[in-house]
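**Student:**
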Amino acid sequence: MQSKLKRANSTTSRPKRRGVILVFTALALLALIGLVGLAVDMGVAYFLQARLSQAADAAALAGARSLSRGADLSTQASNAQAVATRYFNANFPSGFWGCTTSLQTPLVTAYNPSDSTHTDNKVRYVTIRASATAPLYFMRALGLNTTTIGTSAQAARRDANIMIILDRSGSMSAAVSQLVTSANWFVNQFAPGRDKVGLVTFGGSYSLVKPTLTSIPSVTAAINTLTSSTVAGTTNHSQPLWVAYQALADPLITNEPGALNAIVFFTDGQPNTILADFYAYRKNPSTCDKNGTTMIGYALGSPVTAFFGTSLAPPYQPTSTSAGTTPSAYVSTAYDSTDSCPASGTYSYCTASSLISQYSTNYSGCSFVANSANFTSDITQIPPTDYYGNQTNPASPYKTVTLTSVTGANITNAAFNAADQAAQRMRAGALGSPTPIVPVVDTIALNTGQTPDDVYMKRLANANDTANTIYDSTKPTGMYVYASTTADLQSAFIQIASQILHLSM
Amino acid sequence: MPDRVKRRGSILVEAALVISLIFVPMALAVIVVGLNMVRAIATNQLNRDAGHIFARGVDLTGSANGLVNRGILFQMAPALRTTTTSGTAVLILSWVEYLNSSTSCPSPCSNLGHVVFLQQIVLGNSALRASSFGTVPSGSKDATTNKVTSPFSDTSVRADGILTYLTMSDGDTSYVSEAYFSSSDLAIAGIRSPPGTYARAFF
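As they're listed, the protein sequences go chains A and B. Under the working numbering, the first residue of the first sequence carries the number 1, and numbering increases by one thereafter. Under the working numbering, the first residue of the second sequence carries the number 1001, and numbering increases by one thereafter.
(1) Identify, in the order they occur along the chain, each residue of the same chain with its Cβ nearer than 8 Å to the Cβ of A/PHE138, setting aside the five sequence neighbours on each side.
(2) Where does A/THR392 land, buried or exposed, given buried means 16+ other C-beta within 10 angstroms?
(3) Quick one: residues in its chain with C-beta nearer than 6 Å to the C-beta of A/PHE88, no 5 flanking neighbours on either side, listed in chain order?
(4) Does DSSP put A/THR187 in a helix, a strand or coil?
(5) To the nearest angstrom, report how far apart A/ARG129 and A/ASP159 are at their CA atoms.
(6) Give me, in chain order, the residues of the same chain whose beta-carbon lies closer than 6 Å to that of B/THR1197; leave out the 5 immediate sequence neighbours on both sides.
(7) With 9 Å as the C-beta to C-beta threshold (strictly closer), list the residues of the stretch 38–58 of chain A near chain B in chain order.
(8) Closer than 7 Å by beta-carbon distance: list the chain A residues that pair up with B/ASN1065, in chain order.
(9) Of all the beta strand (DSSP E) runs that stay within the bounds of the stretch 1101–1167 of chain B, which reach a length of 3 or more residues?
(10) Beta-carbon within less than 7 Å of B/PHE1066's beta-carbon, same chain only, minus the 5 sequence neighbours each way: which residues are those?
(11) Pull out every residue of the stretch 179–203 of chain A whose Cβ sits closer than 9 Å to any Cβ of chain B, in chain order.
(12) For B/LEU1091, collect the residues of the same chain with a Cβ closer than 6 Å to its Cβ; drop the 5 residues on either side in sequence, then sort them by chain order.
(13) Should A/GLY269 go down as buried or exposed, given a rule of 16 or more other Cβ atoms within 10 Å for buried?
(14) Would you mind telling me which residues of chain B sit closer than 7 Å to A/VAL36, beta carbon to beta carbon, in chain order?
(15) Quick one: grab the DSSP three-state call for B/THR1088.
(16) In chain B, what lies closer than 8 Å to A/LEU503 by C-beta?
(17) Taking the alpha-carbon positions, what's the A/VAL440 to A/VAL243 distance?
(18) What whole-angstrom Cβ distance do A/ASN161 and A/ALA259 have, given they're in contact under 8 Å?
(19) Name the residues in the stretch 80–96 of chain A whose C-beta lies less than 7 Å from a C-beta of chain B; which are they?
(20) Between B/GLY1113 and A/PHE96, what straight-line distance do the alpha-carbon atoms span, to the nearest angstrom?
(21) Given a limit of 7 Å on CB to CB distance, which residues of the stretch 1076–1101 of chain B reach chain A?
(22) Thinking C-beta only, is A/THR400 closer than 8 Å to A/ASN390?
(23) Examine chain B for any beta-carbon lying closer than 8 Å to the beta-carbon of A/ALA160, and answer yes or no.
(24) Helix, strand or coil for A/PHE47 per DSSP?
(25) At what residues does the beta strand (DSSP E) containing A/ALA423 begin and finish?
(26) Using only the alpha-carbon positions, how far apart do A/SER169 and A/VAL231 sit?
(27) Relative to the C-alpha of A/PRO106, which candidate in A/LEU67, A/PRO135, A/SER94 and A/ARG140 has its C-alpha closest?
(28) What separation, rounded to the nearest whole angstrom, lies between the Cα atoms of A/LEU144 and B/VAL1018?
(29) Is there a Cβ from chain B that is less than 8 Å from the Cβ of A/ILE21?
(30) Between A/PHE493 and chain B, is the shortest Cβ-Cβ distance under 8 Å, so that the two count as touching?
(31) Answer yes or no: does any C-beta atom of chain B fall closer than 8 Å to that of A/LEU61?
(32) Using CA atoms only, rank isn't needed, just tell me which of A/MET457, A/ILE470, A/ILE500 and A/ILE263 is closest to A/TYR482.
(33) By DSSP's criteria, A/TYR87 is part of a beta bridge. Which residues make up the other side?
(34) Check whether the stretch 1081–1099 of chain B touches the stretch 1128–1139 of chain B, counting contact only when three or more Cβ pairs, one atom from each stretch, lie closer than 8 Å.
(35) Does the stretch 493–503 of chain A come close enough to the stretch 439–455 of chain A to have 3 or more Cβ pairs within less than 8 Å?
(36) Distance check for A/ALA262 and A/ARG109, CA to CA, integer angstroms please.
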């Protein structure tokens, strides 16, 4: 009887117990699917948020980079907007993971939109705002079909003030055509109306062709006048470097600490010439002694024996007849009133012979003639600085120099040191008031037969390279690019332009 | 044997079946999906960071400074278990230019009308995957800077596939970053090859 009762109880309770696992599983599954669904949907949304942010970031960067494209500010802004939109769509294409995207028109401003003062500080901004409606897969069960994610990104581009220094010495005759093409390409990477580009060409002496820097097309026109027939002269590095720096720091021309200040220095040879006040002998009363006046002039070192004066061809100034293109302030610093040429009232070029004749008149008896054989007897020593104050034999020289020995080798080494010092002085902020201008210096060397001194070029650029033992990480780091042939020139300029654009962003 | 014990046994069996057939696979699936999601996000984030700093000109070459920066880059993505030369991920950074005129492609020019690599840097385990747009032969680029030595005349450095995704104008340059992570731990020998996560970005 008891067993029957037990059986009866068991038959009535069994169905209940059997359903426990089913119910438990169903409830657990419901909860688990909900949790898993939430995790998956949130994970997907998080992933899409990351992708959307990346797309906006890329669009802002590309837009800022393309602010250089266009002849005027309006065209540049339009280009930046178009490019930013293209990059956004490339990174987050329409329908990506089922999303519906919405990209606001990229905002291009000359001020930071989040800065209420709206001060123009030589910076332009590209701002991207985008959103995407992403589908939900599991949360639909709870009535949530989509979620909206949003992002914004901003990139800034500083205006750039760039002085290009181009070597037009005699050895460039076969390469000048490619140089013109490459330099023009380089100049056109920057934005007219915002970026400023100036031009210095040099051989034994310099020509500040475009110091006022506002019109990029005019710089292009000046570059185009360089031809194989206009290249001549020796190689003087310290003078064009310093003159370019003066142009960047001059308050009447640029002096814009808020902008990116850069010097691009191109050469195919090693320096062998310096401009300096040379200590000359004088006749006293009938023989030369060492108390003579100083005579400004150029000294050419090896491989040619030293001589006093410049090359006989005038410096190349393709637009010297245009008002404002060669301010007297610059030319006259090279020829002050004491040393001015007989052609008074103008700043025409002083040939060696005109200088020599001037001084030989004043100090007859000395052998001031444009003659390499007499040079060492007319000059007492190599000056300790060049005309611009760059030391020719500093405490830690790049090249060893004996100043009292006026030889071609010593003048060449002094020319190396002067240029090396010029680069270091400008990185120390020697000029510029009230804020010193500290430019980044980029260098390009072209092999036209002479072997470029890579270490020297890296020193000029403050390149971060083990060969550059004076690299200073606290100063702007420049780039050195070596072009082994003329075919590599454009590639070299591309790298430099890219580096400057990177620094401006 | 008492009925109670039998019933308990059947409940245990049912529970075991439910757990083994439903909950365990589900848990495994959640783990795999979660792992893949984490890796996809990590790969995407590494790709974004690398592309961003590459486009901004941070030195990622083989120079002393560049090597330090490479190390920092991979330290940002420890989930990928990758060093600058090995591991389970590869990162490919390319700088390209569209040459569509004699201005952008001066003589001697053999790549007129083409997108070309100007630089390509491959970091991590390079055996895992090549760039979707082409690989610059080692002989065509500088060993340290990874810059292409003759972008205008070397026909082996073309990267025209980029135009499929990105419209470019003459002279435009672009920075492309690609990252790939191989989930070798999710492979099943003989059945399933290692799945992977790929991310690409244009800067």
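In this text, a Cβ means the ideal position worked out from N, Cα and C, and glycines have one as well. Source: prediction; values computed, not measured.
**Tutor:** On the basis of the supplied data:
(1) Scanning its chain for C-beta atoms nearer than 8 Å, with the 5 sequence neighbours on each side dropped, one finds around A/PHE138 the residues ILE33, GLY34, VAL36, GLY37, LEU38, VAL40 and ASP41, in chain order.
(2) Taking every protein chain shown into account, the CB of A/THR392 has 16 or more other CB atoms within 10 angstroms, so this residue is buried.
(3) Once the five neighbours on either side are set aside, the close Cβ partners of A/PHE88 are ALA55, ALA59 and LEU103.
(4) One point to set straight first is that residue 187 of chain A is Val, not Thr, in the sequence displayed. If DSSP states are grouped into helix, strand and coil, A/VAL187 belongs with the helices.
(5) Their Cα atoms are separated by approximately 24 Å.
(6) Around B/THR1197: ARG1039, ALA1040, THR1043 and PHE1181.
(7) Taking 9 Å as the cut-off between beta carbons, the residues of the stretch 38–58 of chain A near chain B are ALA39, VAL40, GLY43, VAL44, TYR46, PHE47, ALA50, ARG51, SER53, GLN54, ALA55, ASP57 and ALA58, in sequence order.
(8) In chain order: ASN464.
(9) The qualifying runs are 1114–1124.
(10) Inspection of the sequence shows that residue 1066 of chain B is occupied by Gly rather than by Phe. Taken in chain order, the residues that qualify are ASP1059 and LEU1060.
(11) Hits within the stretch, in order: THR181, SER182, ASN184, TRP185, ASN188 and GLN189.
(12) The residues are ALA1050, LEU1123, GLY1124 and ALA1179.
(13) Burial state of A/GLY269 is buried, judged by a 10 Å Cβ sphere holding 16 or more other Cβ atoms.
(14) Neighbours of A/VAL36 on chain B, chain order: VAL1030.
(15) Three-state result, B/THR1088: coil.
(16) A/LEU503 reaches chain B at GLY1057, counting residues in chain order whose Cβ is nearer than 8 Å.
(17) If I take the Cα positions, the gap works out to 15 Å.
(18) Rounded, the Cβ-Cβ distance is 5 Å, consistent with contact.
(19) Those residues of the stretch 80–96 of chain A that come within reach of chain B (Cβ to Cβ, closer than 7 Å) are ARG86, TYR87, ALA90 and ASN91.
(20) Those two C-alpha atoms are separated by around 30 Å.
(21) Residues: none.
(22) No, the pair does not count as a contact, with Cβ atoms beyond the cut-off.
(23) Chain B contact via Cβ: absent.
(24) In this structure, A/PHE47 counts as helix in the three-state DSSP scheme.
(25) Taken as a continuous stretch (DSSP letters only), A/ALA423 belongs to no beta strand (DSSP E), being part of the alpha helix (DSSP H) at 408–427.
(26) Distance between the alpha carbons of A/SER169 and A/VAL231 is about 5 Å.
(27) Among A/LEU67, A/PRO135, A/SER94 and A/ARG140, the Cα nearest to that of A/PRO106 is on A/LEU67.
(28) Cα to Cα, A/LEU144 sits roughly 30 Å from B/VAL1018.
(29) Yes, A/ILE21 lies at the interface with chain B (some Cβ there is under 8 Å from its Cβ).
(30) False, the Cβ-Cβ gap to chain B never drops below 8 Å.
(31) A/LEU61 counts as touching chain B.
(32) Looking at the Cα atoms, A/MET457 is the closest of the given residues.
(33) A/TYR87 pairs with nothing; no bridge assigned.
(34) These segments touch.
(35) Flag = yes, the stretch 493–503 of chain A and the stretch 439–455 of chain A touch.
(36) Sequence inspection shows Thr at residue 109 of chain A; the Arg mentioned does not correspond to that position. Straight through space, the alpha carbons of A/ALA262 and A/THR109 are spaced by roughly 24 Å.
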